[in-house]
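Okay, so here's the structure we're looking at.
Protein chains: 2
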Amino acid sequence: MSDIEQLVTRYLKTWNETDAERRRAEIDAVWSDDALYTDPLAVAEGRDAIDATIGAVQSQFPGLVFRLAGPVDAHHEQARFQWELGPAGGEALVVGFDVAVFADGRVRRVYGFLDKVPG
Amino acid sequence: MSDIEQLVTRYLKTWNETDAERRRAEIDAVWSDDALYTDPLAVAEGRDAIDATIGAVQSQFPGLVFRLAGPVDAHHEQARFQWELGPAGGEALVVGFDVAVFADGRVRRVYGFLDKVPG
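Protein chains in written order, with this note's numbering: chain V, 1 to 119; chain G, 1001 to 1119.
Pasting the structure below:
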């Protein structure tokens, strides 16, 4: 697994970390100082806002897990990948797509889009 | 057509503009001052480099045209869209995918990926 695949995997894991202290430590490790996350439903500038956004999503979808839905396509300092959110081993309720931009081994930007939303 | 769809269409048209003066004027109008374009084969920082990159691609694929290959999915200041490069009315030789990030009505970043390359 490439460094970027490892980082994307670790990034997705932070979305599943429900222990507040561990989640924040992971966010600090994974995201750059000037982090920016934008998807259709949320704009989060900085680690505090990203942490709060992840916490809010976990409250909205308790017990569901984020996972990669396909390969990570990476070059230079950027990657695209599809992810899904669903019960462990069950069908996804939400499918999304992110382009992540990296700097110095951390995630600096995530530009998120949605492919499937609860209907 | 939304403002962002119009801007994406105009952005793609610059890739087809082979008159050097008109192309540069369009690049100046479409791209922000701190423009950055990155795809698997090219990193172009600033309008001079973007202009040179487009010129090089036109030399590599003379007579072919860029066109949108599907809808533009946009929210906030970002959009994703698939494009293709091929003869007018003919099958695409290259299919790509861009995430574009906007600021003040111009394109500021393009994060490009490739879905099909000449085999």
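We put the beta carbon where it would ideally sit given N, CA and C, even for glycine.
Output yes if chain V places a C-beta closer than 9 Å to the C-beta of residue i; else output no.
i: aspartate 1039 (chain G); result: yes
i: aspartate 1073 (chain G); result: yes
i: valine 1099 (chain G); result: yes
i: glutamate 1026 (chain G); result: no
i: valine 1077 (chain G); result: Before going on, a small fix: residue 1077 (chain G) reads as glutamate here, not valine. With 9 Å as the cut-off, glutamate 1077 (chain G) counts as an interface residue toward chain V.
Compare the beta carbon distance of residue i and residue j with 9 Å and say whether it is the shorter of the two.
i: glycine 96 (chain V); j: aspartate 73 (chain V); result: no
i: glycine 70 (chain V); j: leucine 7 (chain V); result: no
i: threonine 14 (chain V); j: glutamate 26 (chain V); result: yes
i: glycine 1055 (chain G); j: alanine 1020 (chain G); result: yes
i: aspartate 1034 (chain G); j: arginine 1108 (chain G); result: yes
i: arginine 80 (chain V); j: phenylalanine 1081 (chain G); result: no
i: valine 99 (chain V); j: valine 1099 (chain G); result: yes
Please tell me whether residue i has its Cβ less than 9 Å away from any Cβ of chain G.
i: arginine 80 (chain V); result: yes
i: glutamate 5 (chain V); result: no
i: valine 94 (chain V); result: no
i: glutamate 45 (chain V); result: no
i: phenylalanine 102 (chain V); result: no
i: glutamate 84 (chain V); result: no
i: phenylalanine 113 (chain V); result: yes
In whole angstroms, give me the CA-to-CA distance for residue i and residue j.
i: arginine 1022 (chain G); j: tryptophan 1031 (chain G); result: 14 Å
i: valine 1117 (chain G); j: leucine 1093 (chain G); result: 7 Å
i: proline 1087 (chain G); j: valine 1065 (chain G); result: 6 Å
i: alanine 52 (chain V); j: tryptophan 1083 (chain G); result: 36 Å
i: arginine 67 (chain V); j: valine 1101 (chain G); result: 26 Å
i: valine 57 (chain V); j: threonine 18 (chain V); result: 11 Å
i: aspartate 28 (chain V); j: glycine 90 (chain V); result: 30 Å
i: arginine 47 (chain V); j: leucine 12 (chain V); result: 15 Å
i: leucine 41 (chain V); j: glutamate 1045 (chain G); result: 30 Å
i: tyrosine 37 (chain V); j: valine 110 (chain V); result: 5 Å
i: serine 59 (chain V); j: alanine 1049 (chain G); result: 46 Å
i: aspartate 1003 (chain G); j: arginine 1024 (chain G); result: 21 Å
i: asparagine 16 (chain V); j: methionine 1 (chain V); result: 21 Å
i: glycine 119 (chain V); j: histidine 1076 (chain G); result: 22 Å
i: phenylalanine 1061 (chain G); j: glutamine 1078 (chain G); result: 28 Å
i: leucine 1085 (chain G); j: alanine 1103 (chain G); result: 27 Å
i: glutamate 1005 (chain G); j: glutamate 5 (chain V); result: 32 Å
Put residue i into one of helix, strand or coil per three-state DSSP.
i: alanine 74 (chain V); result: strand
i: threonine 38 (chain V); result: strand
i: leucine 12 (chain V); result: helix
i: glutamate 1091 (chain G); result: coil
i: glutamate 1017 (chain G); result: coil
i: glycine 105 (chain V); result: coil
i: serine 59 (chain V); result: helix
i: valine 1000 (chain G); result: Nothing can be reported for residue 1000 (chain G): it is not among the residues displayed for chain G, which extend from 1001 to 1119.
i: alanine 1100 (chain G); result: strand
i: alanine 1069 (chain G); result: coil
i: leucine 1007 (chain G); result: helix
When you measure from the CB of residue i to every non-hydrogen atom of the ligand SAH, does any distance come out below 8 Å?
i: tyrosine 37 (chain V); result: Looking for the ligand SAH in the displayed structure turns up nothing, as the structure carries no ligands at all.
Give me the chain B residues within the contact set of residue i, using Cβ-Cβ distance strictly less than 7 Å, ordered along the chain.
i: valine 117 (chain V); result: Looking at the structure shown, chain B is missing, and the protein chains on hand are V and G.
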